[in-house]
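Numbering (my numbering), first residue to last: 4 to 199.
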């Protein structure tokens with residue numbers, strides 16, 4: 004029975020390691036999304052996205068938020084507005100995050116940049132499918148609650164790997180100490196001393 008459980012544990016370790024590698028890789032993609040998107044665009048021959056100018060916001064008059072939502076929705080057919088960000092430090096445009104047909108993530112992967120004073124569309128950017136998929140996997144946005152529960156339990160995998168590795172090391176260490184003691188005891192036993 005113990006060897007059967009050990010074999011299950013041994014089979015689970017590579018799977019847990021593989022899943023931890025996936026989490027680490029998708030985390031790296033999320034940490035450097037611009038780098039990954041640029042690389043994917045370069046490999047596919049796609050043009051680089053529009054880079055919004057940075058300017059002073061003191062003279063910029065904002066329109067009602069509904070106007071930005073209306074213009075963004077009109078620029079992405081079938082799109083649903085998920086988030087609107089007004090101009091802030093270092094950003095002189097209104098950013099509207101949208102879900103569009105074909106987006107992998109429920110939150111969406113399409114961003115519409117609008118000029119604050121006129122709501123003119125400056126660009127419509129879709130994130131690279133690979134980056135969007137990595138984001139969805141890392142944040143467990145696919146599959147709902149049934150996917151989030153095992154993904155959360157995966158967070159305990161490093162603890163289980165550490166404890167099982169410590170147990171294997173301890174068992175091997177104590178077995179080696181026992182065999183050394185046994186060999187020493189046999190060496191010093193009266194039966195062996197008489198034969199010498």
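Beta carbons are placed, not taken as given, at the ideal position from N, Cα and C, and that holds for glycine.
Asked, Found
"For the region 56 to 110, which segments carrying the beta strand (DSSP E) assignment without a break, of at least 3 residues, lie completely within its bounds, in sequence order?", "83 to 88 and 97 to 102"
"Decide if the region 121 to 140 is in contact with the region 29 to 36; the criterion is three or more beta carbon pairs, one per stretch, under 8 Å apart.", "yes"
"Would you call the CB atoms of residue 88 and residue 79 closer than 8 Å?", "no"
"May I have the straight-line CA-CA distance separating residue 18 from residue 95, to the nearest angstrom?", "46 Å"
"By DSSP's criteria, residue 129 is part of a beta bridge. Which residues make up the other side?", "113"
"Quick check: the region 100 to 119 against the region 64 to 83, are at least 3 beta-carbon pairs closer than 8 Å?", "yes"
"So residue 177 is in the alpha helix (DSSP H); what residue range does that whole segment cover?", "160 to 191"
"Within the continuous alpha helix (DSSP H) that includes residue 146, where are the two ends?", "That residue, residue 146, is in no alpha helix (DSSP H); it is neither H nor E in DSSP."
"Let's see if you can read the secondary structure: which residues bound the alpha helix (DSSP H) around residue 45?", "36 to 47"
"Tell me the DSSP bridge mates of residue 124?", "117"
"Buried or exposed: where does residue 106 fall if 16 or more other Cβ atoms within 10 Å of its Cβ makes it buried?", "buried"
"Helix, strand or coil for residue 151, going by three-state DSSP, please let me know.", "helix"
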